[in-house]
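J.:
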Amino acid sequence: MTNLTQRVKSYILELGADIVGVASAERMEQAPEGHKPSDFLPNARRVVVWATKLIDAVIDQMPASRREFTANNFEAETINQEICLKAAKLLEREGYSSYPISYFRREYSGLALYDPVTLFGGISYKHAAEEAGLGEIGVHSLLITPDFGPRHRMAAIITEAPLEAGKRFERRLCDPEMCGFVCVESCPAHAINREGYQSFDKYRCSEYGIRVTGIMRCSLCMAVCPSKIWKHRRD
Numbered sequence: 172m173t174n175l176t177q178r179v180k181s182y183i184l185e186l187g188a189d190i191v192g193v194a195s196a197e198r199m200e201q202a203p204e205g206h207k208p209s210d211f212l213p214n215a216r217r218v219v220v221w222a223t224k225l226i227d228a229v230i231d232q233m234p235a236s237r238r239e240f241t242a243n244n245f246e247a248e249t250i251n252q253e254i255c256l257k258a259a260k261l262l263e264r265e266g267y268s269s270y271p272i273s274y275f276r277r278e279y280s281g282l283a284l285y286d287p288v289t290l291f292g293g294i295s296y297k298h299a300a301e302e303a304g305l306g307e308i309g310v311h312s313l314l315i316t317p318d319f320g321p322r323h324r325m326a327a328i329i330t331e332a333p334l335e336a337g338k339r340f341e342r343r344l345c346d347p348e349m350c351g352f353v354c355v356e357s358c359p360a361h362a363i364n365r366e367g368y369q370s371f372d373k374y375r376c377s378e379y380g381i382r383v384t385g386i387m388r389c390s391l392c393m394a395v396c397p398s399k400i401w402k403h404r405r406d
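Here my numbering is used: the first residue of the sequence shown is 172, the next is one more, and so on.
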């Protein structure tokens, strides 16, 4: 399967992604009901996951650049949706059932505060990416990659193809003591705390998005995540 693995990865990168990896679906079966790979594809073997980088100059100007940042997000999500469709079709042509999981864009306006569609995706991209060796989940509950930190958008494909799976990312990229928990201190919704990403309050984050920023993205946690730390720790 090495040849097909490389073909799929190369194709995803050609379509616009910046990094791509493969996780074992079995290692993600501890997810809550409704969010396991097998909930979407009973014979799931792998999860192909990738990230499309966002633009640094726009993020550096947050929150003043919130309009441009939101547009940048939507553009990256559009790229990811195209990759989902085309890469899944490639795998199908090879004889393997595949289930693409991309972001479904909805405006916050009019959504219920605790709408599950707002709060939860099909599967956890960041856990898949961590299992695939792409990065580490930070205190702010974002995936930090060695090359561009948390500044990206992700998508994934669940597949029956026995692709070559990567190794779980084990290095430490998030060092909140070094940066003074800047994401915790900067979160206007008080959704991030020092206990780690498992304690991230999606409901507070959602409430802030619905009541304050609307369709515009907040993502101050992404903007303040200190690039010098994860770039310095890359090697």
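For glycine and all other residues, C-beta sits at the position ideal for the given N, C-alpha and C.
To the nearest angstrom, how far is it from the Cα of M393 to the Cα of G320?
T.: For the purposes of this step, residue 393 is taken as residue 222 along the sequence shown, with counting starting at 1. For the purposes of this step, residue 320 is taken as residue 149 along the sequence shown, with counting starting at 1. Each residue's CA atom was taken as its position, placing M393 and G320 some 8 Å apart.
J.: Relative to the C-alpha of T223, which residue among R382, G309 and D189 is closest?
T.: Translated into positions along the sequence shown, residue 223 becomes position 52. With respect to the C-alpha of T223, the residue from R382, G309 and D189 having the closest C-alpha is D189.
J.: Need the endpoints of the alpha helix (DSSP H) that P347 sits in, please.
T.: Taking the first residue of the sequence shown as position 1, residue 347 is located at position 176. P347 -> alpha helix (DSSP H) spans P347 to C350.
J.: What does DSSP give as the partner residue(s) for Y270 in the beta ladder?
T.: Residue numbering aside, residue 270 sits at position 99 when the sequence shown is read from its first letter. For Y270, which the question treats as bridged, DSSP gives the partners I329.
J.: If you draw a straight line from the C-alpha of E302 to the C-alpha of A259, how long is it?
T.: Position 131 of the sequence shown, counting from 1, holds the residue named residue 302. Position 88 of the sequence shown, counting from 1, holds the residue named residue 259. Straight through space, the alpha carbons of A259 and E302 are spaced by roughly 20 Å.
J.: Please report the straight-line C-alpha distance between H311 and S181, rounded to a whole angstrom.
T.: Here residue 311 refers to the residue found at position 140 of the sequence shown. Here residue 181 refers to the residue found at position 10 of the sequence shown. Taking the straight line joining both Cα atoms gives about 30 Å.
J.: Based on Cα-Cα distance, which residue from G337, C350, F245 and L184 lies nearest to A299?
T.: Taking the first residue of the sequence shown as 1, we reach residue 299 at position 128. Cα-wise, what sits closest to A299 is G337.
J.: Let's test the definition: count the other Cβ atoms within 10 Å of the Cβ of N214 and tell me whether it reaches 16, buried, or not, exposed.
T.: Position 43 of the sequence shown, counting from 1, holds the residue named residue 214. Label assigned to N214: exposed.
J.: Here's the rule: buried if 16 or more other CB atoms are within 10 angstroms of the residue's CB, otherwise exposed. What is R324?
T.: Walking along the sequence shown from the start, residue 324 turns up at place 153. With 16 or more other Cβ atoms within 10 Å, it is buried.
J.: Quick one, are the C-beta atoms of S370 and N364 less than 8 Å apart?
T.: Your numbering for residue 370 matches position 199 in the sequence shown. Your numbering for residue 364 matches position 193 in the sequence shown. Cβ atoms of S370 and N364: closer than 8 Å.
J.: Give the straight-line distance between the Cα atoms of W221 and C389, rounded to the nearest whole angstrom.
T.: Counted from its first residue, the sequence shown places residue 221 at position 50. Counted from its first residue, the sequence shown places residue 389 at position 218. So the alpha carbons of these two residues sit roughly 22 Å apart.
J.: In the structure shown, what three-state DSSP assignment does E366 receive?
T.: Start at 1 with the first residue of the sequence shown, and residue 366 comes out as number 195. In the structure shown, E366 sits in coil (DSSP, three-state: anything other than H, G, I, E or B).
J.: Applying the 10 Å Cβ sphere with the 16-neighbour rule, what's the burial state of N174?
T.: Here residue 174 is taken as the residue at index 3 of the sequence shown, counted from 1. Burial is judged here by how many other beta carbons sit within 10 angstroms of a residue's own beta carbon; N174 has fewer than 16 and is exposed.
J.: By DSSP, does E307 sit in helix, in strand, or in coil?
T.: To locate residue 307, count along the sequence shown from 1; it is residue 136. In this structure, E307 counts as strand in the three-state DSSP scheme.
J.: How many Å lie between A413 and S377 at the Cα?
T.: Nothing can be reported for residue 413: it is not among the residues displayed for the chain, which extend from 172 to 406.
J.: Buried or exposed for P208, please, with buried defined as at least 16 other CB atoms from any protein chain shown within 10 angstroms of its CB.
T.: What you label residue 208 is simply residue 37 of the sequence shown in a count that begins at 1. With 16 or more other Cβ atoms within 10 Å, it is buried.
J.: Step through the CB atoms of chain B and report whether any lies within less than 8 Å of the CB of L261.
T.: No chain B is present in this structure, which holds just one protein chain.
J.: What do you get for V383, buried or exposed, if any count of 16 or more other CB atoms within 10 angstroms of its CB means buried?
T.: Your numbering for residue 383 matches position 212 in the sequence shown. It is exposed - the Cβ of V383 has fewer than 16 other Cβ atoms within 10 Å.
J.: Can you tell me which residues form a DSSP beta bridge with T316?
T.: Along the sequence shown, one-based indexing puts residue 316 at 145. T316 pairs with G320.
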